[in-house]
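Trainee: Supplied in structure tokens, the structure appears directly below.
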Amino acid sequence: MQPKDEAELAQIIAARNAPVWIAGGGTCGSVPEGVERLDTAGLSGITLYEPGALTLVAKAGTPLFEIEAALDAEGQRLAFEPWDARRLMGAGGAPTIGGVVAMNASGPRRIAVGAMRDFMLGVRFVDGMGQVLKNGGRVMKNVTGYDLVKLMTGSRGALGVLTEVSLKVLPRPEAAGTVLIDGLSDPDAVRAMSAALTSPYEVTGAAHMPQGPGGTPLTLIRVEGFETQVTYRTGALQALLAEFPHVRVETDPDVTAALWAGVRDAAPFHAREGDVWRISCKPSDGPDLGARAQAQGLLYDWGGGLIWALVPSGTDLRARLGAYDGHATRVRGGGDGIPNLQPEPPALAALTEGLRAKFDPKGLFNPGLMA
Amino acid sequence: MELPQPDPAVLARKDALIARLRDILPEDAIIHDPAETRAYECDALTAYKCPPLCAVLPASTEEVAGVLRACHAMGVPVVPRGAGTSLAGGALPTADSVILGVARMTEVIETDYDNRFIRVQTGRTNLSVTGAVEEEGFFYAPDPSSQLACAIAGNIAMNSGGAHCLKYGVTTNNLMGVTMVQMDGTVVEIGGAHLDSGGLDLLGLICGSEGQLGVVTEATLRILPKPEGARPVLMGFDSSEVAGACVSDIIKSGILPVAIEFMDRPCIEATEAFAKAGYPMCEALLIVEVEGSEAEIDHQLGLIMDIARRHNPVELREARDADEAGRIWLGRKSAFGAMGQINDYMCLDGTIPVSSLPMVLRRIGEMSKEYGLGVANVFHAGDGNMHPLILYNANEPGQLELCEALGADILKLCVEAGGCLTGEHGVGIEKRDLMSTQFDPADLEIQMAVKDVFDPGWLLNPAKVFPLDVSEARRRPAMAAE
Ligand SMILES: Cc1cc2nc3c(=O)[nH]c(=O)nc-3n(C[C@H](O)[C@H](O)[C@H](O)COP(=O)(O)OP(=O)(O)OC[C@H]3O[C@@H](n4cnc5c(N)ncnc54)[C@H](O)[C@@H]3O)c2cc1C
């Protein structure tokens with residue numbers, strides 16, 4: 007099914023009693039057997055873009071690249087750095103903005119500027135009864151009524167089909183530079199990243215690859231801004247991190263961009279077999295959890311607060327991790343009885359179930375996804 | 023503004039309720055003497071007052087859970103309260119409700135600089151959160167002007183903002199986790215010292231829910247290292263259109279100021295008379311502040327002043343040191359106080375797209391004449407969050423009603439311009455009856471359905487946010503219970 011507009015989509019849902027699988031670009035996983043695919047590609051196009059107000063409104067099926075190109079032409083960008091799952095998932099298709107919103111897909115800059123959810127100003131969506139609903143708007147500050155914008159962001163299509171989203175966008179800074187440290191152990195890397203993140207130099211990325219591009223550990227700390235600012239701040243960070251050996255600065259824009267795209271998209275795992283997990287945790291717990299994961303590959307982002315782990319297919323990673331402050335999501339792999347999303351404690355699971363029953367009383371959307 | 027009639031059956035159960043609360047709380051945490059409940063009869067929207075049935079001041083999450091279980095069992099509505107500084111009547115009681123105040127819950131539970139968070143009980147004031155971490159060079163970013171008094175509890179419930187939110191975001195962008203007690207006494211932990219949810223973003227839903235989904239007792243907040251320095255520049259223009267265009271150009275240029283504040287002529291005149299900050303007399307004044315090292319600040323202020331010059335400012339004044347910075351901020355910071363000296367005022371809080379600023383300001387000027395009430399504008403221009411102050415005389419009969427009518431018209435204008443009724447103060451009772459101008463019935467229905475999930479009996483702060491006639495069917499069963 008590929009409705010051509012919101013009204014047709016609403017009609018389809020209102021009349022429907024069998025489950026559907028909502029697909030934007032279809033870059034994040036496949037449609038379960040026996041479930042019909044609902045394609046949002048017909049709902050496409052940027053409906054409003056005001057660079058001077060830092061606002062962009064687009065229909066949910068708009069390809070991400072179309073939005074990025076429009077922003078780029080005005081020297082702006084999506085600051086939360088959405089990750090591109092295609093290489094990791096081995097999937098085709100083009101990511102859509104609706105898919106990015108539904109996954110709350112945020113990259114390395116999340117620690118500095120916030121997640122996708124923090125850039126969401128408004129949504130329109132069709133609920134499970136086929137009603138067209140809206141929440142939020144297109145303005146920067148809005149506390150009118152409950153924040154269903156946040157609730158819909160990251161809900162993975164479990165509560166409704168997004169039809170239009172309003173976003174806050176930001177200027178693209180003039181320059182970027184990355185402080186690189188070679189050879190650190192995971193605990194030392196997290197210590198170095200914490201030192202950088204507790205400095206006033208507004209670090210916009212802090213990642214650690216136990217196996218960097220050269221096969222040895224590489225820690226990356228990014229700053230962005232005006233040319234002079236980047237020079238000053240990378241220098242200041244180098245001084246701050248003087249206790250660590252082999253600290254250097256990379257300012258070549260292409261090299262820097264490629265390094266961070268690799269972190270963002272978990273490039274080290276692209277050509278490798280196995281399940282891929284994302285663990286969100288307290289940064290200082292990162293190295294210990296990384297060790298407990300007994301993974302074939304690890305990648306730390308968010309100063310240690312996000313761990314990408316590559317493990318053999320069918321590994322129950324949660325059992326290895328034990329109890330900690332955070333959660334683990336499997337982004338690649340499944341179908342083996344291990345839930346991809348972190349099971350919630352009973353009281354929270356009851357709230358989630360209650361909300362799903364209100365938004366989607368017929369149980370149409372993405373069956374099994376949140377299970 | 024109408025308030026629902028108190029439920030006589032609940033009023034009749036007062037003694038039984040007090041007896042039950044005595045099993046849960048120490049005597050001094052239960053306030054039921056009518057002379058003392060008066061202290062809880064209103065928040066900062068002082069035009070509306072009503073003493074509650076009683077007020078309780080629990081000291082822990084367990085005590086909060088006990089109170090809520092008791093009220094739930096007896097069908098008694100509960101109104102959560104932080105510091106009572108809401109401008110929207112969010113903490114206003116009804117005569118048949120229990121005020122649950124978190125004012126005794128002010129502890130810092132954990133500070134963790136390496137992981138950049140602090141965990142506090144929610145009765146702690148906003149400013150004292152920064153107070154707890156500033157010696158280590160950190161701060162808590164959201165900074166409502168009421169930060170000396172207001173509590174984190176109210177900040178979370180209202181999703182409060184502040185002057186620096188252009189760069190750092192509002193409460194929801196700085197909140198990592200909460201401990202919350204549901205109306206039936208169930209305690210839930212949402213979020214924590216990690217980022218983002220593994221399932222639905224319930225934390226994002228709780229923030230800004232105006233005390234209607236649960237009582238938040240503890241919060242994990244993001245703290246940030248202090249910038250090396252900050253300095254403002256002041257610029258005056260001979261029309262608000264030009265000032266608006268300048269704001270837009272600054273934003274487009276790639277500089278991200280921490281604050282862009284706007285004042286119009288009536289506001290400048292009042293603050294000058296009061297604070298003598300030496301502001302130029304002009305139609306529109308902007309204060310733009312940037313952060314960084316000395317050299318970084320110089321560079322950014324230079325760029326900003328270049329942009330300003332292209333708009334022919336009547337005044338351009340850069341702060342070269344802390345003293346001059348203080349003087350530039352003096353007038354802005356005393357604006358509300360200054361207005362209060364010369365008049366009673368009502369502070370609105372609508373947000374508009376930055377691009378409609380000139381049109382909206384012009385319309386507000388016209389409406390002000392039509393109603394015969396002065397309006398002064400002072401607001402966060404970078405994000406379009408307006409604060410028109412309507413000046414009136416509370417002692418003159420009919421003026422409050424006239425002022426409210428003008429306020430409603432201005433807020434409708436904000437909605438028509440593509441904006442919203444409230445940018446940071448919340449709906450409370452104040453904007454409750456205007457909700458239908460911004461939302462269709464189905465949009466309100468789905469929000470009420472969310473409350474049904476968290477509080478099926480509609481006992482938590484039930485008379486707020488939704489127009490009374492719209493929520494009536496849901497509130498009625500609560501009254502019929504027992
Ligand atoms: C002079 C002045 C300046 C102001 N400036 C700003 C500003 O710059 N920016 C801004 O955003 N606001 C501002 N405000 C408004 C107000 O200070 C904020 O809304 C503040 O967050 C309210 O906090 P409080 O603790 O006083 O909450 P209260 O007034 O006690 O309550 C506010 C709401 O929170 C709910 N609530 C309280 N505690 C809890 C709890 N534990 N769990 C669940 N819900 C709870 C209440 O039921 C109510 O709905 C200003 C107010 C004044 C008087």
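The listed protein sequences derive, respectively, from chains A and B.
My numbering puts the first residue of the first sequence at 7, with every later residue one more than the last.
My numbering puts the first residue of the second sequence at 23, with every later residue one more than the last.
Note that the Cβ used here is the ideal one computed from N, Cα and C, for glycine as well.
1) Could you tell me which residues DSSP pairs with Tyr55(A) in its beta bridges?
2) Please list the partners that Leu227(B) has in chain A, where partner means a Cβ-to-Cβ separation under 8 Å.
3) With 9 Å as the C-beta to C-beta threshold (strictly closer), list the residues of the stretch 363–376 of chain A near chain B in chain order.
4) By Cβ distance below 6 Å, which residues in the same chain neighbour Ala403(B) in space, the five residues on each side in sequence not counted?
5) Taking DSSP as the reference, what is the three-state secondary structure of Gln300(A)?
6) Go ahead and label Glu359(A) buried or exposed: buried means 16 or more other beta carbons lie within 10 angstroms of its beta carbon, across all protein chains shown.
7) Beta carbon of Val124(B): closer than 6 Å to some heavy atom of ligand 1?
8) List the residues of chain A whose Cβ lies closer than 9 Å to the Cβ of Val449(B), in chain order.
9) Going straight from the alpha carbon of Ile117(A) to that of Lys10(A), what length do you get?
10) What is the DSSP secondary structure of Ser458(B), reduced to helix, strand or coil?
11) Is Thr201(B) near ligand 1, with its Cβ less than 6 Å from a heavy atom?
12) Phe365(A): buried (16+ other C-beta within 10 angstroms of its C-beta) or exposed?
13) Should Asn196(B) be labelled buried (16 or more other beta-carbon atoms within 10 Å of its own) or exposed?
14) Just mark Gly369(A) as buried or exposed, buried being the case when its beta carbon has 16 or more other beta carbons within 10 Å.
15) Which residue comes first and which comes last in the alpha helix (DSSP H) that contains Leu386(A)?
16) Is the shortest distance between the beta-carbon of Asp331(A) and the beta-carbons of chain B less than 7 Å?
17) Name, in chain order, the residues that DSSP records as bridge partners for Gln363(B).
18) Buried or exposed for Pro102(B), please, with buried defined as at least 16 other CB atoms from any protein chain shown within 10 angstroms of its CB.
19) Leaving out five residues on either side along the sequence, give the residues of the same chain with a beta carbon under 7 Å from the beta carbon of Met327(B).
20) If the cut is a Cβ gap below 7 Å, which residues of chain A does Cys442(B) touch?
21) Starting from Ser286(A), follow its DSSP beta bridges and name the residues at the other end.
22) With 7 Å as the limit, tell me which residues of the stretch 339–354 of chain A have their beta carbon closer than that to any beta carbon of chain B; keep them in chain order.
23) Of all Cβ atoms in chain A, is any one closer than 7 Å to the Cβ of Leu222(B)?
24) Going straight from the alpha carbon of Gln204(B) to that of Arg336(A), what length do you get?
25) Exposed or buried, which one is Ser378(B) when buried takes at least 16 other CB atoms within 10 Å?
26) Just verifying my parser: in three-state terms, what is the DSSP assignment at Ala31(B)?
27) Can you check whether the C-beta of Trp283(A) is within less than 7 Å of a C-beta belonging to chain B?
28) Kindly indicate which residue of Ala16(A), Pro206(A) and Val196(A) has the alpha-carbon position closest to the one of Glu158(B).
29) Assign Val32(B) to buried or exposed, taking buried as 16 or more other Cβ atoms, counted over all protein chains shown, within 10 Å of its Cβ.
30) Comparing C-alpha positions only, which one of Gln300(A), Ala325(A), Ser286(A) and Pro318(A) sits nearest to Tyr306(A)?
31) Among the candidates Ala355(A), Pro373(A) and Asn372(A), whose CA atom is the shortest distance from the CA of Phe476(B)?
32) Under 7 Å between the Cβ atoms of Thr12(B) and Thr201(B)?
33) Compute the minimum distance between the beta carbon of Met180(B) and the heavy atoms of ligand 1, and state whether it is under 6 Å.
34) Let me check understanding here. Comparing Cα to Cα, which of Ile329(B), Ala215(B) and Leu222(B) lies closest to Tyr330(A)?
35) Along the chain, where does the beta strand (DSSP E) containing Ile412(B) start, and where does it finish?
36) Please check if any C-beta of chain B sits within less than 7 Å of the C-beta of Ala76(A).
Mentor: Let's see:
1) Locating residue 55(A) in the first sequence gives position 49, where the first residue counts as 1. Paired residues: Leu62(A).
2) Working through the second sequence from its first residue, we reach residue 227(B) at position 205. Going along chain A in sequence order, the residues near Leu227(B) (Cβ under 8 Å) are Tyr152, Asp153, Leu154, Lys156 and Leu157.
3) Answer in chain order: Ala363, Lys364, Phe365 and Met376.
4) Looking up residue 403(B) in the second sequence gives position 381. Within the same chain, Ala403(B) has close Cβ partners Val269, Ile282 and Phe284.
5) For the purposes of this step, residue 300(A) is identified with residue 294 of the first sequence, where counting begins at 1. Residue state, collapsed to three classes: coil.
6) By 1-based counting over the first sequence, the position of residue 359(A) is 353. So Glu359(A) ends up on the exposed side.
7) Start at 1 with the first residue of the second sequence, and residue 124(B) comes out as number 102. For Val124(B), the shortest C-beta to heavy atom distance toward ligand 1 is below 6 Å.
8) Reading the second sequence from its first residue, position 427 is the one you call residue 449(B). The contacting residues are Val149, Thr150 and Gly151.
9) Taking the first residue of the first sequence as 1, we reach residue 117(A) at position 111. Taking the first residue of the first sequence as 1, we reach residue 10(A) at position 4. About 37 Å.
10) Along the second sequence, read from residue 1 onward, the residue named residue 458(B) stands at position 436. Collapsing the DSSP output to three states places Ser458(B) in a helix.
11) Residue 201(B) sits at position 179 when you count from the first residue of the second sequence. No, the beta carbon of Thr201(B) sits no closer than 6 Å to any heavy atom of ligand 1.
12) On the first sequence, residue 365(A) is found 359 positions in, with the first residue counted as 1. Taking all protein chains shown into account, Phe365(A) has 16 or more neighbouring C-beta atoms within 10 Å of its C-beta and is therefore buried.
13) Reading the second sequence from its first residue, position 174 is the one you call residue 196(B). When all chains shown are included, Asn196(B) counts as buried.
14) Mapped onto the first sequence, residue 369(A) falls at position 363. With fewer than 16 other Cβ atoms within 10 Å, it is exposed.
15) In the structure as shown, chain A starts at 7 and stops at 377, and residue 386(A) therefore has no counterpart that could be examined.
16) On the first sequence, position 325 is the one that residue 331(A) refers to. It does; some Cβ of chain B falls within 7 Å.
17) Your numbering for residue 363(B) matches position 341 in the second sequence. Gln363(B) is not bridged to any residue.
18) Locating residue 102(B) in the second sequence gives position 80, where the first residue counts as 1. Taking all protein chains in view, the Cβ of Pro102(B) is crowded by 16 or more other Cβ atoms within 10 Å, so the residue is classified as buried.
19) Indexing the second sequence from 1 puts residue 327(B) at position 305. Val255, Leu338 and Glu340, listed in sequence order.
20) Start at 1 with the first residue of the second sequence, and residue 442(B) comes out as number 420. In chain order: Gly143, Val145, Asn148 and Thr150.
21) Looking up residue 286(A) in the first sequence gives position 280. BP columns for Ser286(A) point to Leu312(A) and His333(A).
22) Taking 7 Å as the cut-off between beta carbons, the residues of the stretch 339–354 of chain A near chain B are Leu347, Gln348, Glu350, Ala353 and Leu354, in sequence order.
23) The residue labelled residue 222(B) in the question sits at position 200 within the second sequence. Interface annotation, Leu222(B): in contact with chain A, CB-CB separation under 7 Å.
24) Along the second sequence, read from residue 1 onward, the residue named residue 204(B) stands at position 182. Along the first sequence, read from residue 1 onward, the residue named residue 336(A) stands at position 330. Going by the C-alpha atoms only, they are around 30 Å apart.
25) As a first step, residue 378(B) is located in the second sequence; it is residue number 356 there, counting from the start. With 16 or more neighbouring CB atoms inside 10 Å of its own CB, Ser378(B) falls in the buried class.
26) As a first step, residue 31(B) must be located in the second sequence, where it is residue number 9. Reduced to three states, the DSSP call for Ala31(B) is helix.
27) Position 277 of the first sequence, counting from 1, holds the residue named residue 283(A). False, the Cβ-Cβ gap to chain B never drops below 7 Å.
28) In the second sequence, counting from the first residue as 1, residue 158(B) sits at position 136. Proximity to Glu158(B) across Ala16(A), Pro206(A) and Val196(A) peaks at Pro206(A), based on C-alpha coordinates.
29) By 1-based counting over the second sequence, the position of residue 32(B) is 10. In summary, Val32(B) is buried, with 16 or more beta-carbon neighbours lying within 10 Å of its beta-carbon over all protein chains present.
30) Stepping through the first sequence from its first residue, residue 306(A) is reached at position 300. Put simply, of Gln300(A), Ala325(A), Ser286(A) and Pro318(A) the residue whose alpha carbon is nearest the alpha carbon of Tyr306(A) is Ser286(A).
31) For the purposes of this step, residue 476(B) is taken as residue 454 along the second sequence, with counting starting at 1. Closest option to Phe476(B), Cα to Cα, is Ala355(A).
32) The structure shown does not extend to residue 12(B), since chain B spans only 23 to 504, so no value can be given for it.
33) As a working mapping, residue 180(B) is identified with position 158 in the second sequence. The beta carbon of Met180(B) sits closer than 6 Å to at least one heavy atom of ligand 1.
34) Taking the first residue of the first sequence as 1, we reach residue 330(A) at position 324. Checking every option, the nearest Cα to that of Tyr330(A) belongs to Ala215(B).
35) One-based indexing of the second sequence puts residue 412(B) at position 390. That run of the beta strand (DSSP E) goes Pro410 to Tyr414.
36) One-based indexing of the first sequence puts residue 76(A) at position 70. Using a CB distance cut-off of 7 Å, Ala76(A) does not count as an interface residue toward chain B.
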